[in-house]
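Just so you know, the working numbering puts the end of the sequence shown at 305, numbered straight through with nothing missing.
Note sheet for the following structure.
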Amino acid sequence: MRSLMARRGEEPTLEQDYAHCQAVQRAHGVSYYFATRFFPPETRRAVHALYGFVRYPDQWVDCPDAHSSPESIRAQLDAYERDLIRAVCGEPVSLPPLRAFADVVRRYHIPLRYPLEFLDAMRMDLTRTRYADFEQLQTYTWGSASVVGVMMCYILDATSPEALHYAATMGLAMQMTNFLRDVAEDLGRGRVYLPMDRLAEVGITEPDPANPDHRTALGRLVVRMARENDARYEAAQRGLPAFAPDVRSAVEACIRVYRLLNDRLAGSGGDIGERVQVPLRDKWRALPPSKVWVLPLAYLARR
Numbered sequence: 003m004r005s006l007m008a009r010r011g012e013e014p015t016l017e018q019d020y021a022h023c024q025a026v027q028r029a030h031g032v033s034y035y036f037a038t039r040f041f042p043p044e045t046r047r048a049v050h051a052l053y054g055f056v057r058y059p060d061q062w063v064d065c066p067d068a069h070s071s072p073e074s075i076r077a078q079l080d081a082y083e084r085d086l087i088r089a090v091c092g093e094p095v096s097l098p099p100l101r102a103f104a105d106v107v108r109r110y111h112i113p114l115r116y117p118l119e120f121l122d123a124m125r126m127d128l129t130r131t132r133y134a135d136f137e138q139l140q141t142y143t144w145g146s147a148s149v150v151g152v153m154m155c156y157i158l159d160a161t162s163p164e165a166l167h168y169a170a171t172m173g174l175a176m177q178m179t180n181f182l183r184d185v186a187e188d189l190g191r192g193r194v195y196l197p198m199d200r201l202a203e204v205g206i207t208e209p210d211p212a213n214p215d216h217r218t219a220l221g222r223l224v225v226r227m228a229r230e231n232d233a234r235y236e237a238a239q240r241g242l243p244a245f246a247p248d249v250r251s252a253v254e255a256c257i258r259v260y261r262l263l264n265d266r267l268a269g270s271g272g273d274i275g276e277r278v279q280v281p282l283r284d285k286w287r288a289l290p291p292s293k294v295w296v297l298p299l300a301y302l303a304r305r
């Protein structure tokens with residue numbers, strides 16, 4: 003990242019802040035970055051900034067360093083929130099994603115409550131590791147995923163109630179796919195995002211990844227829930243007309259690529275120890291045909 007930052011003694015520019023966010027998304031959010039190549043350039047910049055904003059807190063919570071504690075991460079999140087508010091008000095802050103995202107918030111009139119609800123969900127991850135049922139899980143997924151979809155709507159100038167509804171549904175579908183893909187990884191962190199009443203359906207009270215019977219049962223549940231989750235992608239697909247034609251292809255690309263990952267989970271053998279991925283060639287085939295031509299230079303040449 004160093005090449006993207008200002009030289010020593012120089013003030014960083016907003017362009018450098020946006021470039022930093024693009025580099026972060028290209029490095030860490032491959033499927034999301036893949037879909038952003040279909041957006042118009044100005045929209046694409048804003049999406050990179052949104053990703054940069056959410057990536058930092060998510061990384062702090064999911065991959066803490068050896069010296070971090072829940073208390074220190076909470077303090078970090080609190081400071082991040084304060085700096086966000088300062089940046090939106092035009093005050094100087096140190097982190098490039100906050101400067102870029104604050105510009106997006108002002109430019110696209112994103113209500114501040116949405117990024118704050120996202121940060122509330124990140125704080126929830128510090129203390130809550132189990133959810134009794136899907137209704138309880140949605141108190142988390144609203145802030146961790148659905149509000150990200152809602153903020154995207156403001157960037158895409160699609161704030162009708164219909165567009166906001168479909169974007170929230172799409173965010174939930176993608177989050178559920180992530181949960182189902184990362185069951186073993188989350189268990190390693192002591193977290194269980196599959197609702198406890200669904201675990202009870204396969205005879206599990208408290209999952210033990212070292213128990214072969216539990217691994218088999220969890221695999222069956224992942225397949226079942228991935229098949230159920232497909233209905234959310236179908237609903238999001240039906241909502242495409244709520245978005246303007248110049249951004250519709252990008253929204254559709256995101257749905258198709260993530261739905262492909264969900265399909266692979268639904269058709270998998272249920273081995274939670276094997277991280278399911280979608281090969282690049284399959285992502286290519288899933289894209290809206292009218293936009294495939296933008297990828298060779300815009301994406302593949304940068305990998």
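Ideal Cβ positions, reconstructed from N, Cα and C, are used throughout, including at glycine.
Legend entry - Asp188 beta carbon less than 8 Å from that of Asp135: No, Cβ-Cβ distance for Asp135 and Asp188 is not below 8 Å.
Legend entry - Alpha carbon of Arg84 to alpha carbon of Ala160, nearest angstrom: Computed Cα separation, rounded: 28 Å.
Inset, instruction - Could you work out which residue in Phe36, Ala37, Ser71 and Gly31 is closest to Tyr58 when comparing CA atoms only? - result: Checking every option, the nearest Cα to that of Tyr58 belongs to Gly31.
Inset, instruction - Assign Tyr133 to one of three DSSP states: helix, strand, or coil. - result: coil
Inset, instruction - Using alpha carbons as the reference points, say which of Phe120, Pro197, Arg39 and His50 lies closest to Glu17. - result: His50
Legend entry - Assigned exposure category for Arg217 - 16 Cβ within 10 Å defines buried: Looking at its Cβ environment, which holds 16 or more other Cβ atoms inside 10 Å, Arg217 is buried.
Inset, instruction - Just mark His111 as buried or exposed, buried being the case when its beta carbon has 16 or more other beta carbons within 10 Å. - result: exposed
Legend entry - Gly92 classed as buried or exposed, judged by whether at least 16 other C-beta atoms fall within 10 angstroms: exposed
Inset, instruction - Would you mind listing the alpha helix (DSSP H) stretches within the region 74–154 that are 4+ residues and don't spill past its ends, in chain order? - result: If we require 4 residues or more, the alpha helix (DSSP H) runs fully inside the region 74–154 come out as 98–110, 115–129 and 136–143.
Legend entry - Alpha-carbon spacing of Val149 relative to Thr143, whole angstroms: 9 Å
Legend entry - DSSP state of Ala246 mapped onto helix, strand, coil: coil
Inset, instruction - Report all residues from its chain with a CB closer than 7 Å to the CB of Asp224; omit the five preceding and five following residues, and keep chain order. - result: Before going further, note that residue 224 is Val rather than Asp in the sequence given. Excluding positions up to five away in sequence, the list reads Leu182, Val185, Leu267, Gly272 and Ile274.
Inset, instruction - Ignore the nearest five residues each way along the sequence and tell me which others in Ala246's own chain have a CB closer than 8 Å to its CB. - result: Leu158, Asp159 and Ala160
Inset, instruction - Within 10 angstroms of the Cβ of Leu114, are there 16 or more other Cβ atoms? Answer buried if so, exposed if not. - result: exposed
Legend entry - Neighbour-count burial assignment, Gln177, 16 or more Cβ in a 10 Å radius: buried
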